[in-house]
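Chemist: Mind having a look at this structure? Questions to follow.
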Amino acid sequence: MKKILMVLTSVSEIGDTGEKTGYNVAEAAHPWKVFKDSGHFVDFASIKGGQPPRDEVDADDPIQVAFTEDETTRAGLYNTARVDVVDPDQYDAVYLVGGHGTMWDFPDSDGLQQLVARVYNAGGLVGAVCHGPAGLLNVELANGLRLVEGRKVAAFTNEEEVAAGKDKVIPFFLADRLEEQGATHVSAGVFEEMVVVDDRLVTGQNPASAAGVAKEMEKLFAQVIHKEKAEEQHETEALRAEKDAEKNAKKMAAAEADH
Numbered sequence: 031m032k033k034i035l036m037v038l039t040s041v042s043e044i045g046d047t048g049e050k051t052g053y054n055v056a057e058a059a060h061p062w063k064v065f066k067d068s069g070h071f072v073d074f075a076s077i078k079g080g081q082p083p084r085d086e087v088d089a090d091d092p093i094q095v096a097f098t099e100d101e102t103t104r105a106g107l108y109n110t111a112r113v114d115v116v117d118p119d120q121y122d123a124v125y126l127v128g129g130h131g132t133m134w135d136f137p138d139s140d141g142l143q144q145l146v147a148r149v150y151n152a153g154g155l156v157g158a159v160c161h162g163p164a165g166l167l168n169v170e171l172a173n174g175l176r177l178v179e180g181r182k183v184a185a186f187t188n189e190e191e192v193a194a195g196k197d198k199v200i201p202f203f204l205a206d207r208l209e210e211q212g213a214t215h216v217s218a219g220v221f222e223e224m225v226v227v228d229d230r231l232v233t234g235q236n237p238a239s240a241a242g243v244a245k246e247m248e249k250l251f252a253q254v255i256h257k258e259k260a261e262e263q264h265e266t267e268a269l270r271a272e273k274d275a276e277k278n279a280k281k282m283a284a285a286e287a288d289h
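In the working numbering, the protein residues as written are 31 to 289.
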């Protein structure tokens, strides 16, 4: 079982438009189901802590409904931890949930940047979808490079912002900002699924890509688990061989003593 931390926005309004927003429920619910079905533990944090705002729930999506009705999930979302007090060492992965609000509070959160960097530096996975990759901006790794530098990433596209009618409201175009920080932005058509894996960084373009991001993270987890089991088996065999050698040495010593 692996532990995944989902990080959510604390912004409830899109700029000064008065339009309500929050984390995108589909982008949280579908990965939650993938992780949960695989037996992993999912925890929640947000930029300011407490109960994060959310976008509308699609009542026709049974996965979203299940997510919002799950008692453990509801308890976790009722009072999320602030990202700057979370212990990164407790998690094997961090997953950044999208929603337009992230554009205002993810990029300049020192706590989020340090959390993401520490999880990645420790060999963990980092996932993000739609506007969630805003939380990858300004993340500097132990080697001095930005996390996205030289990497292929997916995120909400400029064309999708126009289609959503948010291009005049957002503080910047996320795809452009990622490229400014050294990433190569990879995209599919407007609102089509696109998931990109680059080492231990997994990113998705839009809500349709959320489950795909989690599935690719799950594949990476499976590789890690397989490696861990192989190493554990190797250690067990080595220990058994050592004990067998000790037993044989004792038998030989006893046999020599009898003669």
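The C-beta atom is built at its ideal place from N, Cα and C for all residues, glycine as well.
Out of 54, 64, 47 and 40, which one is the CA nearest neighbour of residue 33?
Modeler: It is 64.
Chemist: Short of 6 Å in beta carbon distance, which residues of its chain neighbour residue 38, apart from the five on each side in sequence? Order them along the chain.
Modeler: So the list reads 53, 76, 82 and 127, once near-sequence residues are dropped.
Chemist: So, do the region 216-235 and the region 145-158 have three or more beta carbon pairs nearer to each other than 8 Å?
Modeler: Yes: at least three Cβ pairs fall under 8 Å.
Chemist: Cβ of residue 124 within 7 Å of any heavy atom in the ligand ADP?
Modeler: This structure lacks the ligand ADP, and indeed carries no ligand of any kind.
Chemist: Write down the C-beta distance between residue 68 and residue 223 rounded to the nearest angstrom, noting that I regard them as a contact closer than 8 Å.
Modeler: Not confirmed; about 20 Å, so no contact.
Chemist: Just to confirm, is the Cβ distance from residue 79 to residue 111 under 8 Å?
Modeler: Cβ atoms of residue 79 and residue 111: closer than 8 Å.
Chemist: Does residue 256 come out as helix, strand or coil in the three-state DSSP assignment?
Modeler: Confidence in residue 256 is poor, its pLDDT being 48 and thus under 50, which makes the residue's placement too unreliable to answer from.
Chemist: Along the chain, which unbroken stretches of the beta strand (DSSP E) at least 3 residues long are found entirely within the region 65-147?
Modeler: Entirely contained in the region 65-147, the beta strand (DSSP E) runs reaching 3 residues are, in chain order, 71-76 and 123-126.
Chemist: Quick check on residue 31: buried or exposed, where buried means 16 or more other Cβ atoms within 10 Å of its Cβ?
Modeler: Exposed, because fewer than 16 other Cβ atoms sit within 10 Å of the Cβ of residue 31.
Chemist: Pick helix, strand or coil for residue 35, following the three-state DSSP scheme.
Modeler: Strand, per DSSP.
Chemist: Buried or exposed: where does residue 42 fall if 16 or more other Cβ atoms within 10 Å of its Cβ makes it buried?
Modeler: Answer is exposed; the Cβ neighbour count stays below 16.
Chemist: Hey, out of 147, 187, 201 and 239, whose CA is closest to residue 176's CA?
Modeler: Nearest C-alpha to residue 176: 147.
Chemist: Hey, residue 194 and residue 239 are a contact pair by Cβ (cut 8 Å); roughly how many whole angstroms apart?
Modeler: Not really, about 15 Å apart at Cβ, beyond 8 Å.
Chemist: Here's the rule: buried if 16 or more other CB atoms are within 10 angstroms of the residue's CB, otherwise exposed. What is residue 90?
Modeler: Looking at its Cβ environment, which holds fewer than 16 other Cβ atoms inside 10 Å, residue 90 is exposed.
Chemist: Given this structure, state the Cα-to-Cα distance separating residue 130 from residue 174, to the nearest angstrom.
Modeler: When rounded, the distance between both Cα atoms is 29 Å.
Chemist: Assess contact between the region 162-171 and the region 101-111, defined as three or more Cβ pairs (one per stretch) separated by less than 8 Å. Is contact present?
Modeler: Judged by Cβ distances under 8 Å, the region 162-171 makes no contact with the region 101-111, as fewer than three pairs qualify.
Chemist: For residue 45, which residues in the same chain have their Cβ closer than 7 Å to its Cβ, ignoring the five residues on either side in sequence?
Modeler: Excluding positions up to five away in sequence, the list reads 199.
Chemist: Using a Cβ-Cβ cut-off of 8 Å (strictly less than) and excluding sequence neighbours within five positions of residue 256, which residues of its own chain qualify?
Modeler: Confidence at residue 256 is low in this model, with a pLDDT of 48, below 50, so its placement is unreliable and the value that follows should be read with caution. Around residue 256: no qualifying Cβ.
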